[in-house]
Each structure stands twice: as structure tokens, then as C-alpha cells.
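Participant: Taking the numbering used here, the leading residue of the sequence shown gets 183, the next gets one more, and so forth. Where a beta carbon is used, it is the ideal one built from N, C-alpha and C, also for glycine. My structure is below; once you've seen it, I'll send some questions.
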Amino acid sequence: MQKPSKFRPVQEVSSQQPNYIQADGVSNLKWQSSEMFTQQKLSEVSKQKPQKVISRGIGIFVKNKHSVVETQTLYFTDLNSGKCGFIQLLYSSVMKGLYQTFQLNFKICCSDDDKKELDTWESFKLDGIELFTDLKLQSKNVTFEFKESTSAGTTLSIVSTLSTAGESRLLHINLHVKLGMSIQIGPDGCSYFSNKPSKTPQESKKRLRHVFVPQAICDGTLKYIKNGQLTEIHLQGVPSILIGALHTLNPIKAACRWNFAVIQTQNNCGICMEYTTPPDFGSVTVTISIFGSRNESPTVYASSVPTNKHVTFLATANDAKNKWDYPTAIRMPLGHTNFLVEDRLRMVNKYDILSELPRIVKSTVENIAGLKPCIYQYCQRTRLADEDGIAIIESTFIT
183 MQKPSKFRPV QEVSSQQPNY IQADGVSNLK WQSSEMFTQQ KLSEVSKQKP
233 QKVISRGIGI FVKNKHSVVE TQTLYFTDLN SGKCGFIQLL YSSVMKGLYQ
283 TFQLNFKICC SDDDKKELDT WESFKLDGIE LFTDLKLQSK NVTFEFKEST
333 SAGTTLSIVS TLSTAGESRL LHINLHVKLG MSIQIGPDGC SYFSNKPSKT
383 PQESKKRLRH VFVPQAICDG TLKYIKNGQL TEIHLQGVPS ILIGALHTLN
433 PIKAACRWNF AVIQTQNNCG ICMEYTTPPD FGSVTVTISI FGSRNESPTV
483 YASSVPTNKH VTFLATANDA KNKWDYPTAI RMPLGHTNFL VEDRLRMVNK
533 YDILSELPRI VKSTVENIAG LKPCIYQYCQ RTRLADEDGI AIIESTFIT
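Take a look at the structure:
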């Protein structure tokens with residue numbers, strides 16, 4: 183019999199404990215929040231200010247007791263050019279739906295130093311929401327739709343024609359993504375949080391849910407403006423990874439640390455996602471990782487047991503501004519037996535998360551919680567299973 187607890191992580195997964203669900207089709211990919219969204223809120227959605235989300239497919243910092251954040255994030259890696267990045271669609275609802283926001287986040291980074299001028303980060307609030315169902319978001323300028331057919335299999339279509347007045351900011355996307363099998367850790371892809379110790383915290387409505395598509399292929403075109411110049415990127419047969427994430431509690435309360443990586447080679451892929459709960463939920467570290475080869479079933483690993491495999495910082499440096507010891511070398515588990523080991527991490531961005539918040543929210547968070555949250559992002563060439571590839575790595579410190 184399980185002991186009373188305020189936190190119930192996903193199940194353990196190993197070669198002896200295959201407690202995960204692998205599914206074809208769109209069933210695991212559906213937006214979980216669409217049923218919460220009402221057509222009566224369409225006019226109100228356009229009035230809300232966007233908040234930046236910085237990858238991980240995880241969520242934003244919303245200081246509110248009733249928050250829901252859901253993301254669908256597509257990571258793409260052009261191994262030939264060294265360009266990689268993500269497109270993220272986000273829905274957030276606070277105060278039980280009184281404020282709802284849709285936005286699209288876009289990032290390009292290059293794994294080579296001589297191409298850093300192409301790096302960009304854009305975030306657009308989506309106006310004119312016309313439709314939000316479990317498989318489709320349609321706004322005035324964006325369509326994001328999952329489809330399933332016997333001939334084409336499971337696909338994702340992303341189309342955008344976003345721009346600002348005078349086109350000082352512009353983002354045109356036309357992508358077609360062929361999706362492989364989705365994976366979620368048992369029993370339902372969720373870790374649960376409750377306000378008081380319980381033998382059945384899974385009955386709580388507060389949860390983190392993740393679903394992974396480690397093998398996808400992306401084709402299409404991206405256009406954006408950087409330093410006043412139009413940049414166009416053509417993707418053809420580019421390996422990609424899709425991650426869906428749902429938070430139904432304040433993200434600050436769900437985790438105090440995150441480590442994350444996606445790795446792509448021509449024939450292999452890896453995902454590692456790890457978070458540590460705050461002391462109020464037991465300071466539990468939950469690690470989920472996947473290693474996959476094209477046209478083969480992936481190996482999946484998940485554990486919250488302290489003595490099992492977790493992310494290790496092999497070397498660190500101290501950030502004098504906020505005092506975090508961020509990694510300069512790292513070791514991350516991938517599936518049952520593989521690891522990503524980087525002796526020299528190549529930092530491409532450091533985000534002071536509070537600087538992305540509105541001034542009044544920033545003041546409240548600082549005064550009440552004493553937080554100095556920060557995300558450290560890395561992008562570099564790497565090796566995985568004896569193949570050259572590219573890794574996007576992140577470490578997040580919250581409290």
C-alpha cells in the first residue's frame with residue numbers, strides 16, 4: 183500500500199518495467215485544454231497581453247492560484263546547415279478562465295559560431311481566434327492542425343502569416359510534419375500534486391502531463407526578419423521532435439529545477455526531461471528520457487528513485503548576477519543504456535525570466551518569493567550512437 187503523499191510521479195520505466203504507452207494516431211496528441219475554452223471568450227482573448235515562454239514545452243510564470251498552461255512544441259534540426267530551433271503554440275488560462283491567451287513562440291539558433299547572426303527569438307500574441315478544438319487551433323493568422331488518414335498517417339500542419347505594422351517583425355511559416363508514434367509514461371502521462379498528503383493524489387486536478395513524439399519529419403519554409411533583413415529557411419526531410427505539455431497548477435509550484443535536451447542525428451534521436459519538485463512536494467527528481475532509431479521502437483526510461491540515473495552536472499560556473507551554479511559540462515541519460523555527455527557546453531542564451539514578466543508581476547514575485555529564476559540555453563554539434571548530430575540543451579533554476 184502506498185504511503186500518503188502530496189506528490190505522485192509518473193511510473194518507473196526500465197527494460198524490466200515497460201510502463202509506458204506507445205500509440206499511433208492523434209489520440210494522445212489532442213489539446214487537453216480545448217474543452218475549457220468557450221466561444222464566449224473569443225473577444226476577451228484578444229485583449230490579453232502575451233507572456234514569453236522559453237522552450238521546454240513546459241509553461242510560463244503566472245503568479246495565480248488557478249492557472250492552466252498547455253503547449254505544443256515542435257523542435258526541428260537541419261543537420262546540413264546547422265540551423266535548429268522550435269515553434270511553440272501556447273494556450274494559457276488564469277483565474278479559472280477569466281483571462282485566456284494564445285500565442286506563438288519561435289526560435290532559431292545555429293550550432294556553429296560563424297552563423298550566430300541568424301539566431302532569433304520571436305513571440306506573437308494571436309488575435310482573432312476563430313476555432314479551438316482538440317485537434318485544431320485557427321486564428322486570423324495561424325493554423326495549427328493535427329490530422330490522421332489511412333494514406334498519409336498522422337500529420338501536423340503549421341501555417342502562419344504573422345507580421346506587425348510596417349512589417350518590422352514578420353513570421354511566415356508553412357510546414358508539413360509527418361509524425362511517428364507518440365509516447366507517454368504510465369499510467370496516463372501525468373504526475374499529480376495535492377494540497378495535503380493523500381494515498382490517492384492522482385485524484386487531484388493539479389498535474390503535469392507530457393506526451394512525446396521522438397520521431398517526426400518536417401518539410402516546408404520559414405521566413406522571418408532579423409536586423410531588418412528577410413531570412414528564409416527551407417526545410418526538407420528534417421528530423422523533428424514534438425512535445426506536448428500541460429500544467430494545471432502554478433509552474434513555480436510544480437518544479438524548482440528543470441533540465442532538458444533534444445538531440446537529433448540522421449538516424450537517431452534522444453529526449454531528456456527532468457524536473458525537481460519544491461520542498462513542499464518532497465524535493466523529488468523525476469527523469470524521463472527516450473532514445474530512438476529510425477524505423478525501430480524507442481527505448482524509454484523514467485525514474486524518481488534517488489539512486490537511479492538522473493542528470494549530472496560534470497562541471498559548473500557561478501553566475502555572479504543571480505548566484506546560480508549553471509552547468510558547463512553535463513551528462514544526461516537517454517533511454518536504457520545511452521547517455522549524452524558534453525564536456526564543453528556552448529551557451530547561446532541566458533534568460534532572466536523575471537525580465538520577461540510585466541513590471542507589476544515581477545515586483546510581486548520578487549517581494550513575496552525572493553526568486554531569481556534563470557534559463558541557460560545551449561546549442562552545439564554532438565555525437566549520438568556513433569553519428570554526428572546537434573543538441574539543444576537547457577537548464578532552468580527557479581528557487
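Within 10 angstroms of the Cβ of H392, are there 16 or more other Cβ atoms? Answer buried if so, exposed if not.
Facilitator: Residue mapping note: residue 392 aligns to position 210 of the sequence shown, counting from 1. Flag for H392 reads buried.
Participant: Looking at C-alpha atoms only, which residue of M514, P555, N520, S364 is the closest neighbour of Y533?
Facilitator: The residue labelled residue 533 in the question sits at position 351 within the sequence shown. Among M514, P555, N520, S364, the Cα nearest to that of Y533 belongs to P555.
Participant: Quick check: the stretch 444-456 against the stretch 468-480, are there 3 or more CB pairs under 8 Å?
Facilitator: Result yes; three or more Cβ-Cβ pairs closer than 8 Å.
Participant: Below 8 Å between beta carbons: does that hold for Q193 and A502?
Facilitator: Residue numbering aside, residue 193 sits at position 11 when the sequence shown is read from its first letter. Residue numbering aside, residue 502 sits at position 320 when the sequence shown is read from its first letter. Their beta carbons are not under 8 Å apart, which means Q193 does not touch A502 by this criterion.
Participant: Among residues of its own chain, excluding the 5 on either side of T315, which ones have a beta-carbon nearer than 7 Å to its beta-carbon?
Facilitator: As a working note, residue 315 is residue 133 in the sequence shown. For T315, where only same-chain residues beyond five positions count, the Cβ hits under 7 Å are S216.
Participant: Take N531 and list the residues in its own chain whose beta-carbon comes closer than 7 Å to its own, dropping the five residues that flank it on each side.
Facilitator: Walking along the sequence shown from the start, residue 531 turns up at place 349. So the qualifying residues of the chain are Q559.
Participant: If you count every other CB in all the chains shown that lies within 10 Å of the CB of D525, and 16 or more means buried, which is it?
Facilitator: Position 343 of the sequence shown, counting from 1, holds the residue named residue 525. Counting Cβ neighbours within 10 Å, D525 comes out exposed, since fewer than 16 surround it.
Participant: Compute the Euclidean distance between the alpha carbons of F306 and L404, then round it to the nearest angstrom.
Facilitator: Translated into positions along the sequence shown, residue 306 becomes position 124. Translated into positions along the sequence shown, residue 404 becomes position 222. The alpha-carbon atoms of F306 and L404 are separated by roughly 15 Å.
Participant: Please classify K298 as buried or exposed, where buried requires at least 16 neighbouring CB atoms within 10 angstroms.
Facilitator: Sequence index remark: in the sequence shown, residue 298 carries index 116 (1-based). Under this definition K298 is an exposed residue.
Participant: Per DSSP, what kind of secondary structure is R190 in: helix, strand or coil?
Facilitator: Position 8 of the sequence shown, counting from 1, holds the residue named residue 190. Three-state result, R190: strand.
Participant: Would you report the Cα separation of R351 and N409, rounded to the nearest angstrom?
Facilitator: The residue given as residue 351 occupies position 169 in the sequence shown. The residue given as residue 409 occupies position 227 in the sequence shown. If you take the alpha carbons of R351 and N409, they lie about 10 Å apart.
Participant: With H, G and I counted as helix, E and B as strand and the rest as coil, what does DSSP make of I535?
Facilitator: Reading the sequence shown from its first residue, position 353 is the one you call residue 535. Helix at I535.
Participant: State the Cα-Cα distance for the pair D462 and Q204, rounded to the nearest angstrom.
Facilitator: Residue mapping note: residue 462 aligns to position 280 of the sequence shown, counting from 1. Residue mapping note: residue 204 aligns to position 22 of the sequence shown, counting from 1. Distance between the alpha carbons of D462 and Q204: 32 Å.
Participant: Excluding the 5 residues preceding and the 5 following E456 in the sequence, name in chain order all residues of the same chain whose CB lies nearer than 6 Å to its CB.
Facilitator: Looking up residue 456 in the sequence shown gives position 274. Around E456: N441, T469, V493.
Participant: Quick one: is S364 buried, meaning 16 or more other Cβ sit within 10 Å of its Cβ, or exposed?
Facilitator: As a working note, residue 364 is residue 182 in the sequence shown. With 16 or more Cβ atoms within 10 Å of its Cβ, S364 is classed as buried.
Participant: Taking 7 Å as the cut-off, is the C-beta of Y202 nearer than that to any heavy atom in the ligand SAM?
Facilitator: Of ligands this structure carries none, so the ligand SAM is not represented either.
Participant: Would you report the Cα separation of I311 and Q320, rounded to the nearest angstrom?
Facilitator: The sequence position of residue 311 within the sequence shown is 129, counting from 1. The sequence position of residue 320 within the sequence shown is 138, counting from 1. If I take the Cα positions, the gap works out to 6 Å.
Participant: On a Cα-Cα basis, can you pick out the residue from I580, F579, F521, I575 that is closest to D568?
Facilitator: Your numbering for residue 568 matches position 386 in the sequence shown. Out of I580, F579, F521, I575, F521 has the C-alpha closest to the C-alpha of D568.
Participant: How many angstroms separate the CA atom of E366 from the CA atom of T302?
Facilitator: In the sequence shown, residue 366 corresponds to position 184, counting from 1. In the sequence shown, residue 302 corresponds to position 120, counting from 1. Correcting the residue identity first, residue 366 is Gln in this sequence and not Glu. Going from the Cα of Q366 to the Cα of T302 covers about 31 Å.
Participant: Scan the stretch 475-537 and note each continuous beta strand (DSSP E) run of 3 residues or more that stays entirely inside, going in chain order.
Facilitator: The stretch 475-537 contains these whole beta strand (DSSP E) runs: 481-485, 494-500, 507-516, 520-524, 529-534.
Participant: Which residue or residues does DSSP assign as beta-bridge partners of C292?
Facilitator: Translated into positions along the sequence shown, residue 292 becomes position 110. C292 pairs with K265.
Participant: Report the rounded CA-to-CA distance for Y565 versus G419, giving the unit in angstroms.
Facilitator: For the purposes of this step, residue 565 is taken as residue 383 along the sequence shown, with counting starting at 1. For the purposes of this step, residue 419 is taken as residue 237 along the sequence shown, with counting starting at 1. It is Arg, not Tyr, that sits at residue 565 in the sequence shown. C-alpha separation (whole angstroms): 20 Å.
Participant: What residue from K360, C561, Y374, T447 has the CA that sits closest to N432's CA?
Facilitator: The count along the sequence shown starts at 1 and reaches residue 432 at position 250. Among K360, C561, Y374, T447, the Cα nearest to that of N432 is on Y374.
Participant: What residue from R513, S209, I472, T467 has the CA that sits closest to T336's CA?
Facilitator: As a first step, residue 336 must be located in the sequence shown, where it is residue number 154. Among R513, S209, I472, T467, the Cα nearest to that of T336 belongs to S209.
Participant: Within a Cβ cutoff of 8 Å, which residues of the same chain sit near K318, ignoring the five residues on either side of it in sequence?
Facilitator: Residue 318 sits at position 136 when you count from the first residue of the sequence shown. T325, F326, E327, F328, listed in sequence order.
Participant: If you run the structure through DSSP and keep just helix, strand and coil, what is L300?
Facilitator: On the sequence shown, residue 300 is found 118 positions in, with the first residue counted as 1. Reduced to three states, the DSSP call for L300 is helix.
Participant: Report the rounded CA-to-CA distance for G371 versus T255, giving the unit in angstroms.
Facilitator: One-based indexing of the sequence shown puts residue 371 at position 189. One-based indexing of the sequence shown puts residue 255 at position 73. Cα to Cα, the separation comes out at about 17 Å.
Participant: If distances are taken between C-alpha atoms only, which option among K212, I434, L286 comes closest to A427?
Facilitator: Taking the first residue of the sequence shown as position 1, residue 427 is located at position 245. Nearest C-alpha to A427: K212.
Participant: Please classify E548 as buried or exposed, where buried requires at least 16 neighbouring CB atoms within 10 angstroms.
Facilitator: The residue you call residue 548 lines up with position 366 of the sequence shown. Any answer about E548 is weak, because its pLDDT of 49 lies below 50 and its placement is not dependable; what the coordinates show is given next. With fewer than 16 Cβ atoms within 10 Å of its Cβ, E548 is classed as exposed.
Participant: Residue range of the beta strand (DSSP E) that A443 falls in?
Facilitator: Against the sequence shown, residue 443 aligns to sequence position 261. Run containing A443: 439-447, per the beta strand (DSSP E) assignment.
Participant: Using a threshold of 8 Å, state whether the C-beta atoms of F394 and I425 are closer than that.
Facilitator: As a first step, residue 394 is located in the sequence shown; it is residue number 212 there, counting from the start. As a first step, residue 425 is located in the sequence shown; it is residue number 243 there, counting from the start. In contact: F394 and I425 (Cβ atoms closer than 8 Å).
Participant: Please say whether S342 and L286 have beta carbons closer to each other than 8 Å?
Facilitator: Here the question's residue 286 lines up with position 104 in the sequence shown. Here the question's residue 342 lines up with position 160 in the sequence shown. Cβ distance < 8 Å, so L286 and S342 count as in contact.
Participant: Considering Cα atoms alone, identify which of I472, R439, R476, I355 is closest to T459.
Facilitator: Walking along the sequence shown from the start, residue 459 turns up at place 277. When each option's Cα is compared against that of T459, the closest is R439.
Participant: Among all the DSSP beta bridges, which residues are the ones paired with G402?
Facilitator: Locating residue 402 in the sequence shown gives position 220, counting from the first residue. For G402, which the question treats as bridged, DSSP gives the partners L357, L417.
Participant: Looking only at its chain, what residues have a beta carbon closer than 6 Å to the beta carbon of K289, apart from the 5 residues adjacent to it on each side?
Facilitator: The count along the sequence shown starts at 1 and reaches residue 289 at position 107. Around K289: G267, F268, W303.
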